[in-house]
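Step one of this worksheet: look at the structure below.
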Amino acid sequence: MARILIEGGHPLSGEVLVGGAKNAALPIMAATILTSDTVHLSNIPRLNDVETMQKVLRALGGSSEWEDAGKLKIKCNGGIQEEAPYELVKTMRASFFVMGPLLSRLKRARVPLPGGCAIGTRPVNIHLKGFEALGAKVSIDGGFAVAVADRLIGTGIHLDFPSVGATENLMMAASLAEGSTTIENAAQEPEIIDLGNFLNSMGAKIQGTGGPTIQVEGVHSLHGGNYRVIPDRIDAGTFLVLGAVAHGPLTILNANPSHQIGVMAKLQEMGATIAVNEDRMTVECPGRLRGADVKTLPYPGFPTDMQAQFTVAMSVAQGTSLVTESVFENRFMHIAELVRMGANLNIRDRTVVVNGVEKLIGAPVSASDLRAGAAMVMAGLIAEGHTEVSNVFHIERGYENLVERLSGLGANIRRIEDSKGPTENNRR
Ligand code: EPZ
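Using this note's numbering, count along the sequence shown one by one with no gaps and you end on 413.
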């Protein structure tokens, strides 16, 4: 398994390129099932999760190959299977996004329940309830979610929680349904807007994405085309926090600043300065950051995917900070790892009380999930001494060329392969 070795304490500055959004690319790749035409996607990040989604599409009977850097050619023509393979879905829960498109196209779908992961049980009840509302008969059979429908009829659906995945699955299921579907209490993330724009580019009729109510007018069929995926706002946000806590100035290129309002506001409250223009942001904080309070919420609230990174920055900030995680029930796996580096953190139910310390001390630590892993790398970069991060496969699910990009900013960092097996199960 790979490990990342870091010698901390070096100020980081310079320019870094942000890649395409993983969490937009994955549902958009699933949505290609809705047409038998060829689809060309660009600005697709070269990540393990994207490779996994390609394998899922191929297992279903489609084809997917890289045409050039960041460019995928996908064609789901001919005999598309209704069943997604367990061995792939268990490794990446986003594979569950194929359920809506399969149900929409075949009126049948058999997809393994994705199961939980380090950050929570990750149920899919909201997805399944929505499929039933559209007229599907849903059952659980041997760990698979099964949905069958004679017809999918547009209807009103109210989500118990603005689930990103459920909103996306239901947008895709409703695209070819008969009549109009209204999704209330929908997720409003930029990735929802991107999926809606992609579906509309294929001939769908979707309005209201980015707001709490999405309207889908079912159409008879969808066609192929070309589409460029938005920049990855969590990749960009991670580097914004890094530039602040490692002093900068650090310029993030190819980003979309309008996706970073909550993150930038919090960093500015903590004492960082951020200059914004068009597709770039420059962040710096010559002195020590000040503590602040943050609560994760569905977009446009503060993003849960940025919680671990901010906890690292707050752990060396002046004063006390409160970090409350309201989206996932178990997204504090990095806390114990940070305490091993000298952070002064105490969990009180869903809130971490962060008492800022002068500095962290390098140590061997482990990545528990994608964003916590990135946070541990950030902690190693700002700590005194040497840090070794294991279970790097988590990080490589969502951060393209992370070590190379950090080296370009002045970090003393390298990735090593060794014979050790994973110290956690392979579920992601
Ligand atoms: C998406 O996951 C993202 N993943 C996550 O990013 C992100 O953290 C999350 O949205 C929230 O923003 C992708 O887009 C591939 P949810 P998703 O459904 O869709 C509960 C990363 O680091 N819930 O919005 O699975 C659920 O348990 C990943 O890139 C139900 O109860 O998130 C959770 O507590 C991590 N029933 C909350 O809603 C359901 O049917 C939010 O989940 C669905 C969700």
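Ideal Cβ placement from N, Cα and C applies to all residues, glycine included.
Query                                                                                                                                                                                   : Result
For Met156 and Ile168, which I take to be in contact (beta-carbon distance under 8 Å), what is that distance rounded to the nearest angstrom?                                           : 7 Å
Tell whether a beta-carbon distance below 8 Å holds between Leu26 and Ser160.                                                                                                           : no
For Glu322, which residues in the same chain have their Cβ closer than 7 Å to its Cβ, ignoring the five residues on either side in sequence?                                            : Val350, Ser351, Met361
Is Gly358 near ligand 1, going by C-beta to nearest heavy atom under 7 Å?                                                                                                               : no
Does the beta-carbon distance from Val3 to Asp217 come in below 8 Å?                                                                                                                    : yes
Between Ala162 and Leu119, how many whole angstroms is the CB-CB distance? I'm expecting something under 8 Å.                                                                           : 6 Å
Rounded to the nearest angstrom, how far is the Cβ of Gly327 from that of Val337, given a contact under 8 Å?                                                                            : The pair is not a contact, with the Cβ atoms about 15 Å apart (cut-off 8 Å).
Under a Cβ-count criterion, where at least 16 other Cβ atoms within 10 Å of its own Cβ denotes burial, should Gly(-7) be classed as buried or exposed?                                  : buried
Taking the alpha-carbon positions, what's the Ile199 to Ala171 distance?                                                                                                                : 7 Å
Could you round the C-beta distance between Lys251 and Ala231 to whole angstroms and report it? I think they count as a contact, below 8 Å.                                             : At roughly 17 Å, the Cβ-Cβ gap does not stay under 8 Å, so Lys251 and Ala231 are not in contact.
Any idea if Ile246 is buried or exposed, counting beta-carbon neighbours within 10 angstroms, 16 or more meaning buried?                                                                : exposed
With a Cβ-Cβ cutoff of 8 Å, do Met(-14) and Ile59 count as a contact?                                                                                                                   : no
Please work out which residues of its chain come closer than 8 Å, Cβ to Cβ, to Gly105, disregarding the five sequence neighbours upstream and downstream, and give them in chain order. : Phe313, Glu314, Asn315, Arg316
Taking all protein chains shown into account, do 16 or more other C-beta atoms lie within 10 angstroms of the C-beta of Gln292, making it buried, or fewer, making it exposed?          : buried
CB of Phe112 to nearest heavy atom of ligand 1: below 7 Å?                                                                                                                              : The residue you asked about is not Phe; residue 112 is His in the sequence shown. Yes; taking the cut-off as 7 Å, the Cβ of His112 has a heavy atom of ligand 1 nearer than that.
If we require 4 or more residues per run, which alpha helix (DSSP H) segments fall completely within the stretch 343 to 396?                                                            : 355 to 367, 378 to 381, 387 to 392
Quick one, which of Leu345, Leu227, Ala9 has its alpha-carbon nearest Gly383's?                                                                                                         : Ala9
Need the endpoints of the alpha helix (DSSP H) that Met156 sits in, please.                                                                                                             : 149 to 159
Compute the distance between the beta-carbons of Gln294 and Ala359, then report whether it is under 8 Å.                                                                                : yes
Counting only runs of 3+ residues fully inside the stretch 132 to 207, write out the beta strand (DSSP E) ranges in chain order.                                                        : 141 to 143, 165 to 169, 190 to 192, 198 to 202
Give the secondary structure of Arg413 by DSSP, where H, G and I count as helix, E and B as strand, and everything else as coil.                                                        : Low confidence applies to Arg413: its pLDDT is 41, below 50, so where it sits in the model is not reliable, and the reading given next is rough at best. Reduced to three states, the DSSP call for Arg413 is coil.
Within the chosen definition, does the stretch 77 to 90 reach the stretch 220 to 230 through at least 3 CB pairs nearer than 8 Å?                                                       : no
Apart from the five residues just before and just after Tyr71, which ones in its own chain have a Cβ nearer than 6 Å to its Cβ?                                                         : Pro97
State buried or exposed for Gln173, treating a residue as buried only when at least 16 other CB atoms are found within 10 Å of its CB.                                                  : buried
Using a threshold of 8 Å, state whether the C-beta atoms of Gly210 and Val24 are closer than that.                                                                                      : yes
Given that a residue counts as buried once 16 or more other Cβ atoms are within 10 Å of its Cβ, and exposed if not, what is Arg413?                                                     : Confidence at Arg413 is low in this model, with a pLDDT of 41, below 50, so its placement is unreliable and no value can be given for it.
Between Lys7 and ligand 1, is there a pair consisting of the residue's CB and a ligand heavy atom that are separated by less than 7 Å?                                                  : yes
Return yes when the Cβ of Val41 is within less than 8 Å of the Cβ of Ala69, no when it is not.                                                                                          : yes
Who pairs with Lys58 in a beta bridge, going by DSSP?                                                                                                                                   : His25, Glu50
Mind the definition here: the stretch 376 to 390 touches the stretch 29 to 44 only if three or more C-beta pairs lie below 8 Å; say whether that holds.                                 : yes
May I ask you to check if the CB of Asp334 is nearer than 7 Å to at least one heavy atom of ligand 1?                                                                                   : no
Please confirm whether Arg265 and Leu235 have their CB atoms less than 8 Å apart.                                                                                                       : no
Along the chain, where does the alpha helix (DSSP H) that runs through Ser89 open and close?                                                                                            : 84 to 91
Throw me the rounded Cβ distance for the Arg(-12) and Glu373 pair, which I believe falls under 8 Å.                                                                                     : 6 Å
Whose C-beta lies closer than 7 Å to the C-beta of His(-5) among residues of the same chain, with five residues either side of it excluded?                                             : Gly395, Ala396, Asn397
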